[in-house]
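Below is one structure, written out as structure tokens, with a few remarks after it.
There are 2 protein chains.
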Amino acid sequence: MKNFSSLSQEFEAYFKAAHFPAQPEKLYDASRYILALGGKRIRPVCVLMGNELFADVHSDAFNAATAIELFHNFSLVHDDIMDKAPLRRGMPTVHVNYGESTALLCGDVMLVAAYDYLNKVKNDHFHHIIHLFNKTAREVCEGQQMDMDFELREVVSFEEYEKMITLKTSVLLAASLQIGAIIGGAGDGNQQHLYQFGKNLGMAFQVQDDYLDAFGDPEKFGKQVGGDILSNKKTFLLIHALDVATGDDLKQLQALLQSNAANKVEQVLNIFKKCKVDTWAQQLKEQYYKAAIVHLEKIAVLSVRKKELQFLAEYLLNRQN
Amino acid sequence: MKNFSSLSQEFEAYFKAAHFPAQPEKLYDASRYILALGGKRIRPVCVLMGNELFADVHSDAFNAATAIELFHNFSLVHDDIMDKAPLRRGMPTVHVNYGESTALLCGDVMLVAAYDYLNKVKNDHFHHIIHLFNKTAREVCEGQQMDMDFELREVVSFEEYEKMITLKTSVLLAASLQIGAIIGGAGDGNQQHLYQFGKNLGMAFQVQDDYLDAFGDPEKFGKQVGGDILSNKKTFLLIHALDVATGDDLKQLQALLQSNAANKVEQVLNIFKKCKVDTWAQQLKEQYYKAAIVHLEKIAVLSVRKKELQFLAEYLLNRQN
């Protein structure tokens, strides 16, 4: 069994091939730009790992993995337009560099290119793979719409937020693993357990993301700590704090959401700590992680085949950036 | 053989089925809104006609036709965002009614839904159909990028403009017919001739569009005549006028492009007429039409089967709105 880093290198070698023609230059320069910004390539490598859990990695898995990574980049480019985000991976976003119209089209052509790679898959369960890909793509869009809807609301329940994150973040990780499993010849039961492993892992991943933004070590985090707090972003932490804070703490937190005080991050973090949001978040992450592991254990293959997925899960949840 | 109007009714009956779930409400309301604005449904009916040219219409053709119509609406919604268009079919555009972000996502989910319908196609040549669909989708995006690039340029040659219109408008009509032909069991040669018929018909259609905007009968046209002139839109007519006008006519035309004079439409039309742009446009349309018909004639099926496509071509080119 190959580890994440080794499969990641194999994927990069495959993925660095030219995906786009030369003309129109502006359109495809924008597409090449976002892909060159890199990233951890977690999702495409999960396709390969999902395949390898059941059988040697098939060339179909590389095509499906490429489709997943192109889809992921499509969603990043369009989300950045909607969120008016200035930076992505420390660099100007596509719409900042190329304008909103070209960024919009650049997302569109990457989505179409994703289907081009899917169309190279020769697997007997091709229609099932496309169905799962489409369902996931739709869910990711729905998650983004819910996220935008929530921005306009004062109160969002934990369950609503959890549902939104499931759609916006977790299902793509889950589907990546399942598509790999289908290519690896897994049966329905095993596919479902792997999907649920990915979904819970995705949730734990997001909790860690939210946690690091508030409580990360500034030296290891690589980004400004407190960015979510400054932009009043709804996160697992804020949703929970608004749920459990009472009396003066609640009033102060609500007032801080309306303010741009110089020490806003510090004050919000104080309330978070008073309400034990940090401990709660670590427990929540642990809960999702355990649910993920229960599903991994139920997959009917030798334990030794599961090691690399378990290592990946541990790495993702203990990461400091 | 069924005529356009009869196939159009069959398509509408199939297409009126619910394409989207209830939630998130805003996202799917936006999608239902654009689809309810209607349109002539020329492209999906061309899928059915392309099929019927060779064999009885198969249920696959209805699914492919639905995919084509969803794709067409995806491109309209995204184009309207890029063009900052206030109206579509006389009604507020999606981004005006629902905001740009939801309009962007609404386009995205319609593109994904298009692939959902394609995935229902059971035909043996499924991969070929997806390949053609993807190629066409990419070309439509490239055409839109070229169109935007041209807006920033003073001089655009006839050849460049023709290439842009081919991508932005004609290839979708051509591919719709060819996908129908594939489903109808046509051989490669017949498929290619039908594609070329559609491509030339699409060009003729666009010339007529540009012609009507300038020289249409205001009572029959249904829109304000001269809209393209007022917005300095590059059209077949303007490109040609800039090509052939000389001396004072050219200077005046260039000055008018910089002006918002009250009688701008009238003055530009005078120059168009002086340069015989109207006659030229009718000849150009005729040229594309004849090229289309040459390809239709080369298709190896009984002439009687081709009648409805010929009627459609005549209708599209003689329409006054």
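Protein sequences appear in the order of chains A and B. Quick note: the first sequence uses this note's numbering, first residue 690, plus one each step. Quick note: the second sequence uses this note's numbering, first residue 690, plus one each step. Glycine included, each C-beta is placed from N, C-alpha and C at the ideal position.
query	result
Please state if the CB of Ile871 of chain B and the CB of His929 of chain B are separated by a distance shorter than 8 Å.	no
Closer than 7 Å by C-beta to Ala980 of chain A: which residues in its own chain qualify, once you throw out the five before and the five after it? Chain order, please.	Asn889
Taking 8 Å as the CB-CB cut-off, is Leu658 of chain A touching chain B?	What the structure shows of chain A is the stretch from 690 to 1010, and residue 658 of chain A is not part of that stretch, so it cannot be assessed.
Straight-line CA distance for Glu1003 of chain B to Phe760 of chain B?	26 Å
So, is the C-beta of Ala826 of chain A closer than 8 Å to a C-beta in chain B?	yes
Quick check on Phe837 of chain A: does DSSP put it in helix, strand or coil?	The sequence shown places Met at residue 837 of chain A, rather than the Phe named in the question. Residue state, collapsed to three classes: helix.
What residues from chain A crowd round Pro775 of chain B, counting only those whose CB sits closer than 8 Å?	By Cβ distance, chain A contributes nothing, its closest Cβ being about 16 Å from Pro775 of chain B, past 8 Å.
For Arg778 of chain A, which three-state DSSP category applies?	coil
At 8 Å on the CB atoms, spell out the chain A contacts of Leu708 of chain B, in chain order.	A quick correction: the sequence has His, not Leu, at residue 708 of chain B. Going along chain A, no residue has its Cβ under 8 Å from His708 of chain B, so there is no contact; the nearest lies around 11 Å.
Does DSSP put Asp902 of chain A in a helix, a strand or coil?	helix
Please go through the same chain and pick out, in chain order, the residues whose beta-carbon is closer than 7 Å to the beta-carbon of Lys953 of chain B, but skip the five residues on each side of it.	Ile918, Leu919, Leu945
Rounded to a whole number of angstroms, what is the C-alpha to C-alpha distance between Leu991 of chain A and Met690 of chain A?	12 Å
In the DSSP assignment, the alpha helix (DSSP H) including Glu714 of chain A goes from what residue to what residue?	714–725
Would you please state the rounded distance, in angstroms, between the beta carbons of Tyr717 of chain B and Ala711 of chain B? I believe it to be under 8 Å.	7 Å
Glu986 of chain B by DSSP, collapsed to three states: which one?	helix
Beta-carbon within less than 6 Å of Leu1001 of chain B's beta-carbon, same chain only, minus the 5 sequence neighbours each way: which residues are those?	Phe693
Evaluate contact between the region 760–779 of chain B and the region 798–805 of chain B, counting only Cβ atoms and requiring at least three cross-stretch pairs below 8 Å.	yes
Is His882 of chain B close to chain A, meaning its C-beta is less than 8 Å from at least one C-beta of that chain?	no
Assuming Gln897 of chain A and Lys974 of chain A are in contact, meaning their beta carbons sit under 8 Å apart, how far apart are those beta carbons, in whole angstroms?	6 Å
Going along chain A, which residues have a C-beta under 8 Å from Asn808 of chain B?	His816, Ile819, His820, Asn823
Starting from Thr791 of chain B, find everything on chain A with Cβ-Cβ shorter than 8 Å and list it in chain order.	Gln834, Met837
Which first and last residues belong to the alpha helix (DSSP H) in which Asn1007 of chain B is found?	992–1007
Answer yes or no: does any C-beta atom of chain B fall closer than 8 Å to that of Lys798 of chain A?	With the sequence shown as reference, residue 798 of chain A is identified as Val, and Lys is not the correct amino acid for it. Chain B contact via Cβ: present.
Is it true that the CB of Gly796 of chain A sits closer than 8 Å to the CB of Val844 of chain A?	no
Glu758 of chain B CB to nearest chain A CB: under 8 Å?	no
Decide if Lys940 of chain B is buried, meaning its Cβ has at least 16 other Cβ atoms within 10 Å, or exposed.	exposed
What residue does the alpha helix (DSSP H) around Thr791 of chain A start on, and which one ends it?	789–807
Of all the options A:Ser748, A:Leu931, A:Gly915, A:His984, which has the alpha carbon lying nearest to the alpha carbon of Ala951 of chain A?	A:Gly915
Is the shortest distance between the beta-carbon of Pro781 of chain B and the beta-carbons of chain C less than 8 Å?	The chain labelled as chain C is not found among the protein chains of the depicted structure, namely A and B.
Please classify Asn752 of chain A: is it buried, with 16 or more other beta-carbons within 10 angstroms of its beta-carbon, or exposed?	buried
Quick check: Tyr1011 of chain B and Ala893 of chain B, are their CB atoms within less than 8 Å of each other?	There is no way to answer for residue 1011 of chain B, as the model of chain B reaches only from 690 to 1010.
State the Cα-Cα distance for the pair Glu741 of chain A and Ser846 of chain B, rounded to the nearest angstrom.	54 Å
Rounded to the nearest angstrom, what separates Ser695 of chain A and Leu726 of chain B at their Cα positions?	52 Å
Counting Cβ pairs, one atom from each stretch, are 3 or more of them under 8 Å apart for the region 848–861 of chain B and the region 823–839 of chain B?	yes
Find the residues of chain A that neighbour Val844 of chain B, judging by a C-beta separation of less than 8 Å, and give them in chain order.	By Cβ distance, chain A contributes nothing, its closest Cβ being about 17 Å from Val844 of chain B, past 8 Å.
Indicate whether Tyr850 of chain A and Val783 of chain A have their beta-carbon atoms separated by less than 8 Å.	no
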